[in-house]
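Q: Heads up, the sequence shown is in full-length UniProt numbering, so the first residue is 1 and it goes up one at a time.
Cβ coordinates follow ideal geometry from the N, Cα and C atoms, glycine included.
Here's a structure for you.
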Amino acid sequence: MGMQYTSESKMERELINQLVSGVSQWTERPDLRTEDDLWDNFRKKLEQNNVDVLDGVPLTNLEFQQIKNQLNFPTFYDAAKWLAGENGIAKVQVQRENATLGTIRLRVINRQDIAGGISSYEVINQFQSVKRSGMDQNRRFDVTLLINGLPMIHIELKNRTHPYMDGFRQIKKYLQEGKFTGIYSCLQLFVISNGTDTRYIATAPDTKLNEQFLTKWVDESNEPVDDYINFADKVLSIPMAHKMVTQYTVIDNDKKALIALRPYQIHAIEAVKEASKTRISGYVWHTTGSGKTLTSYKVARNLLMIPSIDKTIFIVDRVDLDQQTTASFQSYAENDVIDIDETDNVNELIERLLSANRNVIVTTIQKLHHVMRRFETKKDTPRYKKLTHLNLAFVVDECHRAISAQKKHEIEKFFINSLWYGFTGTPIFAENAHAEVGELPRTTEQQYGKRLHQYTVKEAIHDRAVLGFQVEYKRTIPEYQLDEMIARIKMGNSHEELSPEVLRTIMDMEIKDKEKLIPAEVFLSESHMLQVVDSIVNRSRNKLGFIKGPGQTYDALLTTSSIEQAQKYYKLFKAVKNGTSKIKVDENIKKVLPDFPKIAITYSISENDETSIENQRVMKECIADYNEEFGTSYSMETIRQYNSNINDRLARKKSQYLSRAAQLDIVIVVDRLLTGFDAPCMSTLFIDRAPMQPQNLIQAFSRTNRLFTVDKKFGQIVTFQTPALFEEHVKNALILYSNGGENDVLAPTWQESRDNFIKAIEALLLIAPNVSDIVIQGASDESLRRYAKAFQNVDKAFSAIRVYSDFDESMLGTEFSITFDKWEEYRGKYENVIDELKKRRGTGDDSGDNIEFDVSYELETTHTEEINYEYIISLIQSYVPSTSSEGQEVLFTSIGKKAEAEVNGFIEELFKSNPKIATMLDEIWQGILSNPNEYRDVNISELLEDKSQEAREYAYQTFSRKWGVKEHIVSYMGDTYNPRNEIQPGESELVKTADYTKYKETTEEPVSRLKYKRAITTDLKQMIEKDILPLRRK
C-alpha cells in the first residue's frame, strides 16, 4: 500500500489556521465565495475608509459600477501601476450621480498603512470562478489573501503526490482561461506549494509567467524555508505580506512587468535600513548576477524615506555602465514615489545637491571630484557650508570599481555627514588584499565597514538565482611536448642530450609547476591560436545553442592577454569568415548559420603610449568591418558610440537585436565587458590568457551565468592555457567566494557527465531492451512510470553531455550503446506513455504508486530543423517603422537587399512546413516592403494572429453551414483539438445538437441520417487537421 498524503482540502485548512492564529491580523471570511460577494465586501470597506469624502452620501450602484470598471485591469502590470498610487496612496475617481456633488477621489490602499491605518486583511478559500462561456469550466480557487477587500496574493496548493510545478501549471491554465479578471485582476503575487516545496512569483500573463523566476524563501542566514506552513509564518503573516506587495515589488516600466524581489534582496534592504538608524556604514556581498542593481535601487529608495537623510547619492563607475544603470533606475522609478536625477555636468550636480528636493542622484566619482575642486577656493561661502554639511547616504554599485579607497577618503572629508553602503559580488578579503599604500584600507571591510548581508554564488545557484559554471580546461600543448619544452628550458635551451638529473627533475614535477615555466610567447604563436580558433568555431555549436535556430542562439566573449593578441585573433577569425584560412567552418554549422562566426572587437585606446598609433589603425579597420556587417557608420571620433552599440548588440535586450542579421556571435576583449556587463543571452566565456586574480576570475565567469531560457543550464567557461594551473586558480577563487562550496558551483566534468549518460542508458535498456517491450494497453501505472522516469533521466543526461566540446553525435551507437534513431524511437514511446498517464490521472485511475516523476516534464533534447516562427515574427517586426514614447517618428532606415533576402529565405523555408502561416507572413512582408509607413507601430504578431483568427472563423462558419451544426461548438473543438485523443472535448455535444433537416435542405447530395453523425466527426477531423492546426502551430 502506498504512502498516505495530506489532502489538499486539509492543507487549505492548516494554512488558513496558521494565517489567522496567534498575533496575526488575518481574518477568515468563509462567507466570501463569489465575485459578487467580493465586490460587496470591497464596497463596504471602501465606504468605511472614506466616510469623510462621501460626506454622508453612500455610493449608488451606478457610481460603484464606475469603480468596478476602473479596477478591472487589462494586465497585472496596470494593476501594479495603479497600486503605486499618488504618494503611495491608490485611489479611484467617481463622478457623483448627483451632479451637484461633483467628482470625488476615494482612498483604496495606502502603501504606508502596514498593519494599521485603513488596512484590513482577510483570507478566503474555495472561491467559485464561474464559466464565462458554454465551453468554459467552473473553477474553484484554493486560497486568496485580500488587502482592503482586493485580492493581492493567490495561493495554489497541491498535495505531496504532485510536484509543486503542478500548481504553477494550474495558475497558467487559469490565466489562459481568463479566470484572473474583474476583481481578481488586482493580484500582485502568486504562491504555489505541494506542502514540502513552496515558491512565489510576481503576477504576469501566461505567456510571460516564466518558471525560471519562481523563487523559494530563505531566511537571513540563507537557510531555505520550504514547508508551506513555515513559509506562511515568514512571508504571508502581517506585516510581511503587506510589504511583499507594496514595498518589495518593483515595476519595470521598460519591460512592462512586475518584479518580486528575492528574499536575499529583501534581507539586504532591511539590514541597510537598520544600520542607517544608528548611522553605521557597511557593505553588502551579493554574488555577481544576483540583481545587485535592483537591490541597490530599493536601498537607495528606502534610505530616502528616512527623514534625517537629505539625499541619496548612487555612484556608478564607467560611462557605459553609468548609462545602463541610470536607464534601469529610471525604468524602476517611473511609477515610484521618488525621482531619479542623472547629472550631465558639474553645475547641474551642484544645483541638485543644494536643492530642497529629496531625490536619488545617479553620478560618477569623476563628477563628484570636480564638485570638490570647484569649491577649493570657496570654503568661506554659505553654499560650501551647506554642501559639506548635507546628510548624505552614498550607495556604491560595484564598490571597488566605482571608487578607490583614496577617492572615498577624500569625499568623506568633504561631505562630513555621510554614510556609505557598498555593493559587491567579489569583496576583497585578507587573502587577496590590495597592496599596502600608506594607511589606506586594503579590504572591503576596512573601506566600507562591517558586512551587513551576504549571498554567495553557492547560495545563488542553489536558489536558482544564477546558474552554475561548467569549466573545460583545454591544452594546445600535448604533455610529451610540454616535458620536452621544460627540459630544454632546464638545459638553458641547449641541444645537448638530456641528462638523467634533468629527466628525474621533470618526472618529479607536478604539471602545474611545469606550466608555470612555459614562456608567454608560446601562446602568441599562430599554431596555438589556430587551435583555439578551430575549437571555438567547430567545437562550440552546442555551447552557443545552434540547435535553437537563427536568432535564438547564444553569444560569447573571447578574452585575451593583450590588445596585440586580441588584434591577431580578430584577423584569424576574419580569415576563417572569408574562407582564406586553413581552418574551415564545418558544413553542418553552415547549414544552420551560414554567416557564422560574426565577430567584433573592443578595447581601450590611449592617445600617447607607443602602441596607440598602431592600435588606432587596427581599430579603424575593425570599425569599418563592423559598419559593413551591420549598416552602421561609426568612426574613431564616435568610438564611444561604437562600444555602446556592441554592448547593446551583445546583450540583445532591445527588440532590434532579436534578428540574426543584427546579432553578434563573439566579441574579442582584453578586460572590457568582463565586469558589470549584463547579457543573459551570453552563454560562454573563452579564455586565452594566464589565470587572473580571484576577484577578477569570478567577475569574468559571471558574465555567462545569468538566467535566460530553460535550456541554458550553466555558464560555459573554456580555457586554453595552462589547464592544471588554471584549475587550481579556479578552485581557490571558488573556495574564497562560495564559502567553501566550490563543489556546488561547478558542473560535473566531461568524464562524470559521460559516466552519468552511460548509466542512464543502461538503466533504460534494463527496463526496455527494445522499444517493443513497452506495451501501454493493460500495463500497470507503476511500470509506465518506471519507464517514463528512466527516459527522463536519459534525456537530462543527454542534454548535459551535449554541451561539452568533447561530445560528438557520432559517439551515439559507438561509445554510447544507443543510436540516434533508436533514441528517437524511445522518445516516441515516451510521449505515448505520458499521454496515457495523463489520461489515467484525469479519470482517477492513477494508482498513486511511490515512483515520483514529473508527468509534465518537457524534453530537453528535442531536435527540430523547422524555422522558428517567433524568430521570423521578430525579424519582420525589426523592420517596421516606429514612433518614440515622446510621439516622435523614429527615422526609418530603408530595408537593404541583404535583410530582404534573409526574410524571404526564412519565409520560403516556412512554406515547406506550414504554407498557411507562410502565406500570411509573406503577404504582410510584401506590404511592408511596398509601403512601410502603412505599418508604422503595427504589432506584427497581433496582425498575424488577427489574420489567423479570421481564417479560422471562416473555416468554422463554412463547416457549420455545410453540416447544420452550431458554430460555437465547432470553434471550441477547433481551438482545443488534440490529434492524439480518440475522443475530443465537445464532440458529443456537437453531434447531439446537429440539425439533419437543415443540413438536408442545403445539400445537393446529402448522406443518409444513419451516416450523418459519423460523417460530421470524420469531416471535422479532416477540416481541423488541414485548415486549423497549421494556424495553431505557430
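#1: Tell me which residues share the same chain as residue 149 and place their Cβ nearer than 6 Å to its Cβ, disregarding the 5 neighbours each side in the sequence.
#2: Would you mind reading off the limits of the alpha helix (DSSP H) that contains residue 231?
#3: Return helix, strand or coil for residue 569, following the three-state DSSP convention.
#4: Near residue 47, what residues of its chain come up, given a Cβ to Cβ distance below 7 Å and the 5 sequence neighbours on each side ignored?
#5: Whole angstroms are fine: how far does the CA of residue 725 sit from the CA of residue 670?
#6: Quick check on DSSP: helix, strand or coil for residue 793?
#7: For the candidate residues 657, 797, 731, 554, whose alpha-carbon lies nearest to that of residue 705?
#8: Going by other Cβ atoms of all chains shown within 10 Å of its Cβ, with 16 needed for buried, is residue 62 buried or exposed?
#9: Rounding to the nearest angstrom, what Cα-Cα distance links residue 85 and residue 106 in this structure?
#10: Since residue 405 contacts residue 396 with CB under 8 Å, what's their CB separation in whole angstroms?
#11: Rounded to the nearest angstrom, what separates residue 368 and residue 388 at their Cα positions?
#12: Please report how far the alpha carbon of residue 362 lies from the alpha carbon of residue 200, in whole angstroms.
#13: Following the continuous alpha helix (DSSP H) through residue 77, name the residue where it begins and the one where it ends.
#14: Taking 7 Å as the cut-off, decide whether the C-beta atoms of residue 797 and residue 732 are in contact.
#15: Cβ of residue 428 within 7 Å of Cβ of residue 444?
#16: What is the DSSP secondary structure of residue 122, reduced to helix, strand or coil?
#17: By the DSSP assignment, the beta strand (DSSP E) with residue 935 in it spans what residues?
#18: Can you tell which of 529, 373, 1013, 464 has its C-alpha closest to the C-alpha of residue 210?
#19: Using three-state DSSP, classify residue 671 as helix, strand or coil.
#20: Name, in chain order, the residues that DSSP records as bridge partners for residue 151.
#21: In the DSSP assignment, find the unbroken alpha helix (DSSP H) run with residue 396 in it and report its ends.
#22: Less than 7 Å separating the beta-carbons of residue 92 and residue 65?
#23: Give the single residue among 503, 348, 382 whose Cα lies nearest to the Cα of residue 371.
#24: Just to confirm the assignment: which complete alpha helix (DSSP H) runs, minimum length 4, are found wholly within the stretch 462–530?
#25: Buried or exposed, going by whether 16 or more other CB atoms sit within 10 Å of the CB of residue 470?
#26: Between the C-alpha atoms of residue 386 and residue 425, what's the straight-line distance to the nearest angstrom?
#27: To which residues does DSSP link residue 95 through a beta bridge?
#28: Can you tell me which of the three DSSP states residue 378 falls into?
#29: Please report the straight-line C-alpha distance between residue 632 and residue 357, rounded to a whole angstrom.
#30: Suppose the cutoff is 7 Å on Cβ atoms and the five residues either side in sequence are ignored; what does the same chain contact list for residue 238 look like?
#31: Taking buried to mean at least 16 other C-beta atoms within 10 Å of its own C-beta, is residue 612 buried or exposed?
#32: What residue range does the beta strand (DSSP E) around residue 625 cover?
#33: Buried or exposed, going by whether 16 or more other CB atoms sit within 10 Å of the CB of residue 366?
#34: Inspect the beta-carbon positions of residue 269 and residue 222 and report whether they are closer than 7 Å.
#35: How would you call residue 636, buried or exposed, if buried means at least 16 neighbouring beta carbons within 10 angstroms?
#36: What are the start and end residues of the alpha helix (DSSP H) that includes residue 284?
A: With the structure as the only source:
#1: Result list for residue 149: 41, 42, 45, in chain order.
#2: For residue 231, the enclosing alpha helix (DSSP H) starts and ends at 228–235.
#3: Correct three-state label for residue 569: helix.
#4: The answer, listed in chain order, is 54, 58, 59.
#5: If you draw a straight line from the Cα of residue 670 to the Cα of residue 725, it comes to about 20 Å.
#6: Residue 793: helix per DSSP, three-state reduction.
#7: Nearest of 657, 797, 731, 554 to residue 705, Cα basis: 554.
#8: Answer is exposed; the Cβ neighbour count stays below 16.
#9: Rounded to whole angstroms, residue 85 to residue 106 spans 12 Å at the Cα level.
#10: Going by Cβ atoms, the distance from residue 405 to residue 396 rounds to 12 Å, so no, they are not a contact pair.
#11: Rounded to whole angstroms, residue 368 to residue 388 spans 12 Å at the Cα level.
#12: A straight-line Cα-Cα distance of about 31 Å links residue 362 and residue 200.
#13: DSSP places residue 77 inside the alpha helix (DSSP H), whose first and last residues are 76–84.
#14: The answer is no: Cβ separation not under 7 Å.
#15: By the CB criterion at 7 Å, residue 428 and residue 444 fall inside the cutoff.
#16: Note: residue 122 maps to strand in three-state DSSP.
#17: Here residue 935 belongs to no beta strand (DSSP E), and DSSP marks it neither H nor E.
#18: Comparing Cα positions, the closest option is 464.
#19: Three-state DSSP puts residue 671 in coil, outside helix and strand.
#20: Per DSSP, 146.
#21: Counted as a single uninterrupted DSSP element, the stretch harbouring residue 396 is not any alpha helix (DSSP H) but the beta strand (DSSP E) occupying residues 391–396.
#22: Result no, Cβ atoms of residue 92 and residue 65 do not sit closer than 7 Å.
#23: When only C-alpha atoms are compared, the closest one is 348.
#24: Fully enclosed alpha helix (DSSP H) runs of 4 or longer: 479–490, 500–508, 511–515.
#25: With 16 or more Cβ atoms within 10 Å of its Cβ, residue 470 is classed as buried.
#26: For residue 386 and residue 425, the distance between alpha carbons rounds to 35 Å.
#27: Paired residue(s): 103.
#28: In the three-state reduction of the DSSP assignment, residue 378 falls in the coil class.
#29: A straight line joining the alpha-carbon of residue 632 with that of residue 357 spans about 41 Å.
#30: Result list for residue 238: 24, 25, 26, 115, 121, in chain order.
#31: Under this definition residue 612 is an exposed residue.
#32: Secondary structure note for residue 625: it is in no beta strand (DSSP E), and the uninterrupted alpha helix (DSSP H) holding it is 612–630.
#33: With fewer than 16 other Cβ atoms within 10 Å, it is exposed.
#34: No, the Cβ-Cβ distance between residue 269 and residue 222 is not below 7 Å.
#35: By the neighbour-count rule (16 or more Cβ atoms within 10 Å), residue 636 is not buried but exposed.
#36: That residue, residue 284, is in no alpha helix (DSSP H); its beta strand (DSSP E) goes 282–286.
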